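**Q**
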Amino acid sequence: MEPRNYIVSMSPHIRGRQSIETMMSTFIIGLIPTALAAIYLFGIKSLIIMVLSMATAVIVEAVIERITHQKPTFRDCHALLIGLLLALILPSSVPWWMPVVGATVAIVLGKALFGGLGNYPFNPVLVAWVVLRLSWPERMNLFFEPHTTTHILTPLMAFKEDPSLFYSYDLSSLFLGQKPGLMGTVCDLAILIGALFILYRGVIRWHIPLSFFAGIAFFAAVLRYINPDVYPPVTFHLIGGGVFLAAFFLAPEPVTSPVTPKGMITFGFLAGILTMIIRMWGAFPDGSFYAILIMNSATPLFNYLKPKAYGRSYSA
Amino acid sequence: MYEGTNFYYDRKYAIFNQVFIMGLLLKGITLPKRLLAQSLTLIELPPPQKVILPLKQYVGEPSKAMVSVGDSVKTGQLIADAHNTHCLPVHATISGTVTDIKEHLDPKGSSIESICIESDGTDTWTTPPASPGESLGYEDILKRIHDAGLITKGLFATPLDKDLVPVDQPKTYLYRDGTDIVKKIDTLLINGLDPEPSLGVNRYLAGTENDTLEQGIAVLKTITGAQRVIFTVDKHFAPWPQLKDIVKKDEEEATAIIALDGRRFPIALPIPLVKAALSREVPLPYGHPRDVGVAVYDLHTVISLGQSIRNTTPQTETMITLGGGAMEKKGIAKVRIGTTIGSLIDALGGLTTDAAKIILGGPMTGMAQYDLATPITKEVTGLFALNNTDIQLSEDYRECINCGMCVKVCPVNLLPGVISLYCAKDKFDLAEAEGLFSCIECGACDYVCPSRRPLVHLFRHAKNQLME
Chain A
1 MEPRNYIVSM SPHIRGRQSI ETMMSTFIIG LIPTALAAIY LFGIKSLIIM VLSMATAVIV
61 EAVIERITHQ KPTFRDCHAL LIGLLLALIL PSSVPWWMPV VGATVAIVLG KALFGGLGNY
121 PFNPVLVAWV VLRLSWPERM NLFFEPHTTT HILTPLMAFK EDPSLFYSYD LSSLFLGQKP
181 GLMGTVCDLA ILIGALFILY RGVIRWHIPL SFFAGIAFFA AVLRYINPDV YPPVTFHLIG
241 GGVFLAAFFL APEPVTSPVT PKGMITFGFL AGILTMIIRM WGAFPDGSFY AILIMNSATP
301 LFNYLKPKAY GRSYSA
Chain B
1 MYEGTNFYYD RKYAIFNQVF IMGLLLKGIT LPKRLLAQSL TLIELPPPQK VILPLKQYVG
61 EPSKAMVSVG DSVKTGQLIA DAHNTHCLPV HATISGTVTD IKEHLDPKGS SIESICIESD
121 GTDTWTTPPA SPGESLGYED ILKRIHDAGL ITKGLFATPL DKDLVPVDQP KTYLYRDGTD
181 IVKKIDTLLI NGLDPEPSLG VNRYLAGTEN DTLEQGIAVL KTITGAQRVI FTVDKHFAPW
241 PQLKDIVKKD EEEATAIIAL DGRRFPIALP IPLVKAALSR EVPLPYGHPR DVGVAVYDLH
301 TVISLGQSIR NTTPQTETMI TLGGGAMEKK GIAKVRIGTT IGSLIDALGG LTTDAAKIIL
361 GGPMTGMAQY DLATPITKEV TGLFALNNTD IQLSEDYREC INCGMCVKVC PVNLLPGVIS
421 LYCAKDKFDL AEAEGLFSCI ECGACDYVCP SRRPLVHLFR HAKNQLME
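Residue numbers (this note's numbering), protein chains in the order written: chain A, 1 to 316; chain B, 1 to 468.
Written as C-alpha cells, this is what we have:
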C-alpha cells in the first residue's frame, strides 16, 4: 500500500445533498405552477413583469457584490427567487418600471443593507411590496378581470366596500383563479400544487402554513358564529385573497421565520389572527402581507419557545 | 418510580411505546442507500505479519510493558501489566518477536507507547490459564473480564469492568419529593443495532448463532442485577433466530425484542436508544444510561465477554465493518488487534484510485486518519475509505440562514444553529447556557445543514475551550 495524502477533518465525514442552491431552486420550482397560471390568466404582460423583476434583482445584487468586494452569490438563486416572488405579488396592471424599482428596493433595502442572505430581519419581498404599495397606492390598487383589461375590485376590496357582497362570489371559481387580484395570488390550486412539492422536498415544514390557516379560520369562524349575516364564511377568507401564497411562500421564508416547532406554530397562528384583524378593521383590504411583516419583527422572540430540554425534567 | 416492579414486557406495551416515541423517531436523519451497510458477509483474513499494540486503547491510563525488545512472544501472552484500576492488560495478538517499543500514533491521533511485534508465521497460542470452576463468584467474574482486556466499544471506550462497576456507584438521586433514592440497574439493553447505519457488526451478529451469547447475558445479569433483558434489533435485518429462541426460553417473560428502524441515525447511540426502546430520558449533560437504571452493551461486547468467561482466553480479535466508496471489498472482518490500516487494506485488495479519506469508526462519528501505519485497536468499530463523491468539505460554508433543519433533526432537542453561532463568535458561556454540553456530537445537524456549516467542529472547539 503506497502512501498517499489523505484529507483529515472533523466528523461527520459525509453530508446530505441539501444546500442553499437546492433549497432556493426548490422554492422557484414550487412557484412555477403559480407563474404559469398568472400567464394564462393575465396574458403575456405578466411574463414580462416577472422577467423584468428577476433580471433586475440578479443584476442589482451582482453590482452590489462587485462594489463591496464580496464573492458573487448569484449561483444560490436567492435573488432570482426574490425577483419572482415580488413579481407575483404585483397586480398585472403595473407599468414596466414598477417591478424594476421594487426588485432594486428588495435587494438593496431588504437584503444587502443588512448583510445579505441570513441576516435580514424582514422578508425583502414584502419590504419592497410595502414600499411600492405606500408610494404608488393607486397603481397598486388597479386590478384586471382575468383574460380582459376591465378594471374591477378584488373580492376583499368589494367586501370592504359592502360586506353583503360576498354572497355574489362562487367559491370554487375563486379557488381556481377566476378572480381579479395580485398575479400570483389568484389561482389557489396552482399555489397548492407547488406548495405540496416544496413540503414534500422538506424545504418548508407544515407548522407555519397550517397554523396560519388555523389562525384565520379560527378568527373567521368566531365572527361567523357571532353574526352569519354580516361576516363571510371561513372559506371566503381563506381563498378570497392572498392567504395561500402568504402561507406557503412568504411566511415560511427561512431567514425571517422562527426555527423551533412551538415558535413556528405561534408565529403562524398570530400572523393569521393579525391578518383577520387588518381585514376586518384595518385600512387595507388584504392584511396577510402586513401581518407577516409585523410578525417577522418578533421572530427572535418566538425562538425562545424552545423544545423541551432533553433529560432536564427528569424525575426518578 | 419503576424500581422493584415486576415488569412484564409484552407486545402491546411495545406498540404503545413505539407510538409514544414517534417524536423521537421523526428526529434524526436517514442516510442514503449507498452508505448503508448492505453486504453483511464475513471476510476471512490471515493473521498479519506485524502488529502494533498501543498500551492504552481506552479512556484511562496506559499499562506497563512487561517485555523488552528481542523477546519472543506467543499469541495470547500477557505483554503489558495493568498496574492500577484505571488500566487494562495488553496481550500479544500474534506469535513472534518484539521488535520495538516506542511512541506510536493511535486512532485518536495521540502518541501512545506501543509494542511492535513481528510475526514468525506460526501463530502458536500460549496455554490459557486453568479452566474455570463451575460456579464463578462476583469478584471472579470481574477479575476475568479485567484479565481478558475487554472494553466497551466506541470513541470514548472504557474498560468493561470499570463500566460495569463504576467507582462512583451507587449514585444517589434526589427524587421530586425530596427523598434520596439509589438508582439500581433494572434493565439490560443489548444493542443489536449498530451505532451508525453504515456499520454492520452487531446486525450481522444478531442474525447468526453464537454459543457464548447466553453465557455473556447471564454474566451481565449477575453483575448488574438487571431483572429483564431487552434486545434492540434492526427491523430490516429479520429474522434473529437465536434472539427469538432466548426470548421463547425465558419462562419469566422478562426478555423481549424491540425492532427499530436501523436506517435512522442516531437512534442506536446509547442515549437516544434508551429513549427509543424504553422511553427513558438520560439526564443531560454528563448523563449515562445507568443513571436511569439501564445498562447498554453492544451485542459484540456481550459475545466477546461470554468467550472470555468460557475459554479464559484474552481478547485478541475484534470485528469491524469495512465500507466506503473507495473500498474494493466490503463486509465484516475479524481482525487481529494491532493490525495496521495499510496491511489490512492490502489484504483486502487495496483501494480504488480516488480514495480521499480514511476513517476509523463510522462516517458520521469516526476519526479521519492520515497515516496508514495507525493500528486498529479494540475501540475501532469500522474502517471506511471514502472517495471524492462521498465527502463534502465545509471549507466554503455560508452564513446560517435560520432554516431550522438542525432543530428538526437534533436528537437531544437543542438549537444547534444558535449554539454554533455563539461558538463561532467565541461566546462560549452563552453556548453553555444553551446546552452545549448536552450535545452528544452525533453530527446529524452537520449532515443536514444547507449552509454546510461545520457545526460539530465548532461544538468540540467550544467544549475544549471551556474545559481548559
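Glycine residues also receive a C-beta, built at the ideal position from the N, C-alpha and C atoms. Please read these numbers as outputs of a predicted model, since none were measured by experiment.
If we count the other Cβ atoms within 10 Å of its Cβ and call it buried at 16 or more, is ALA38 (chain A) buried or exposed?
**A** buried
**Q** Near VAL296 (chain B), what residues of its chain come up, given a Cβ to Cβ distance below 7 Å and the 5 sequence neighbours on each side ignored?
**A** LEU189, ASN191, PRO270, LEU273, VAL274, PRO289
**Q** Here's the rule: buried if 16 or more other CB atoms are within 10 angstroms of the residue's CB, otherwise exposed. What is TYR200 (chain A)?
**A** exposed
**Q** Which residues, in chain order, does the segment 416–443 of chain B contribute to contact with chain A at a C-beta distance below 7 Å?
**A** GLY417, GLY435, SER438, GLY443
**Q** What residues match up with TRP125 (chain B) in a beta bridge as DSSP calls it?
**A** B:THR75
**Q** Shorter than 9 Å from the beta carbon of SER9 (chain A) to some beta carbon of chain B?
**A** Proximity of SER9 (chain A) to chain B, defined by a Cβ-Cβ separation below 9 Å, is satisfied.
**Q** With a threshold of 9 Å between beta carbons, is PRO307 (chain A) in contact with chain B?
**A** yes
**Q** In or out: MET467 (chain B) buried (at least 16 other Cβ within 10 Å) or exposed?
**A** exposed
**Q** Could you have a look at GLU214 (chain B) and say whether DSSP puts it in helix, strand or coil?
**A** Under the three-state reduction of DSSP, GLU214 (chain B) is assigned to helix.
**Q** Identify which residue in B:ARG228, B:HIS236, B:VAL98, B:PHE237 has its Cα closest to the Cα of GLU252 (chain B).
**A** B:ARG228
**Q** In whole angstroms, what is the alpha-carbon distance linking LEU383 (chain B) and LYS143 (chain B)?
**A** 31 Å
**Q** Using the DSSP secondary-structure output, state which residues sit across from MET105 (chain B) in a beta bridge.
**A** With the sequence shown as reference, residue 105 (chain B) is identified as Leu, and Met is not the correct amino acid for it. B:SER111.
**Q** With a threshold of 7 Å on Cβ separation, who are the neighbours of ILE191 (chain A) within its own chain once the five nearest residues in sequence on each side are excluded?
**A** THR34, PHE244, LEU245, PHE248
**Q** Smallest Cα separation from LEU81 (chain A): which of A:GLU61, A:PRO91, A:TRP97?
**A** A:GLU61
**Q** Please classify VAL230 (chain A) as buried or exposed, where buried requires at least 16 neighbouring CB atoms within 10 angstroms.
**A** exposed
**Q** Quickly, what does DSSP pair GLN369 (chain B) with across the bridge? List them, please.
**A** B:ILE358
**Q** Give the interface partners of VAL456 (chain B) over in chain A, defined as CB-CB distance under 8 Å, in chain order.
**A** MET10, SER11, PRO12
**Q** What is the DSSP secondary structure of GLU65 (chain A), reduced to helix, strand or coil?
**A** DSSP places GLU65 (chain A) in the helix class (H, G or I) of the three-state scheme.
**Q** Applying the criterion that 16 or more other CB atoms from any shown protein chain within 10 Å of the CB defines a buried residue, is GLN70 (chain A) buried or exposed?
**A** exposed
**Q** Is CYS66 (chain B) helix, strand or coil by DSSP?
**A** Residue 66 (chain B) is actually Met in this sequence, not Cys. MET66 (chain B): coil per DSSP, three-state reduction.
**Q** Report the residue from B:ASP250, B:GLY435, B:GLU328, B:LEU455 whose alpha carbon sits nearest the alpha carbon of THR353 (chain B).
**A** B:GLU328
**Q** For the segment 185–226 of chain A, which segments carrying the alpha helix (DSSP H) assignment without a break, of at least 4 residues, lie completely within its bounds, in sequence order?
**A** 188–200, 207–226
**Q** For the segment 240–259 of chain B against the segment 281–288 of chain B, do three or more pairs of beta-carbon atoms, one drawn from each stretch, fall closer than 8 Å, so that the two count as touching?
**A** no
**Q** Could you list the residues in the segment 16–44 of chain A with a C-beta less than 7 Å from some C-beta on chain D, going in chain order?
**A** Although the question refers to chain D, the structure presented lacks it and instead comprises the protein chains A and B.
**Q** Which ranges does the alpha helix (DSSP H) cover as unbroken runs of at least 4 residues, wholly within the segment 34–63 of chain B, from first to last along the chain?
**A** none
**Q** By the criterion of Cβ-Cβ separation under 7 Å, what are the contact partners of ASN413 (chain B) in chain A?
**A** Under a criterion of Cβ atoms nearer than 7 Å, the residues of chain A adjacent to ASN413 (chain B) are, in order, PRO307, LYS308, ALA309, TYR310.
**Q** Among residues of its own chain, excluding the 5 on either side of ASP177 (chain B), which ones have a beta-carbon nearer than 6 Å to its beta-carbon?
**A** Note that ASP177 (chain B) has pLDDT 49, beneath the 50 cutoff, so the model's placement of it is unreliable and the number below is only indicative. Here the set comprises nothing.
**Q** Leaving out five residues before and five after ALA431 (chain B) in sequence, what residues of the same chain have Cβ atoms less than 6 Å from its Cβ?
**A** ILE419, TYR422, CYS423, ALA462
**Q** Can you give me the C-alpha to C-alpha distance between LEU210 (chain A) and LEU85 (chain A), rounded to a whole angstrom?
**A** 21 Å
**Q** List the DSSP bridge partners of VAL90 (chain B).
**A** B:ALA80
**Q** Under the rule that 16 or more other beta-carbon atoms within 10 Å means buried, what is GLN369 (chain B), buried or exposed?
**A** buried
**Q** Could you tell me whether the segment 388–398 of chain B touches the segment 356–364 of chain B, where touching means 3 or more Cβ pairs closer than 8 Å?
**A** yes
**Q** Helix, strand or coil: how does DSSP classify TYR477 (chain B) here?
**A** Past the edges of chain B, shown from 1 to 468, lies residue 477 (chain B), and the structure says nothing about it.
**Q** I'd like to know if PHE7 (chain B) contacts chain A, where contact means its C-beta is closer than 9 Å to some C-beta of that chain.
**A** Below a pLDDT of 50, predicted positions are generally treated as unreliable, and PHE7 (chain B), at 35, falls in that range; the measurement from the model is reported next regardless. No - not a single Cβ of chain A is within 9 Å of the one on PHE7 (chain B).
**Q** Using a Cβ-based criterion (distance less than 8 Å to any ligand heavy atom), does GLU138 (chain A) qualify as near the ligand GDP?
**A** In the structure on display, the ligand GDP does not appear, and there are no ligands present to speak of.
**Q** Just list the residues that DSSP pairs PHE231 (chain B) with in beta bridges.
**A** B:ILE190, B:ILE257, per the DSSP bridge assignment.
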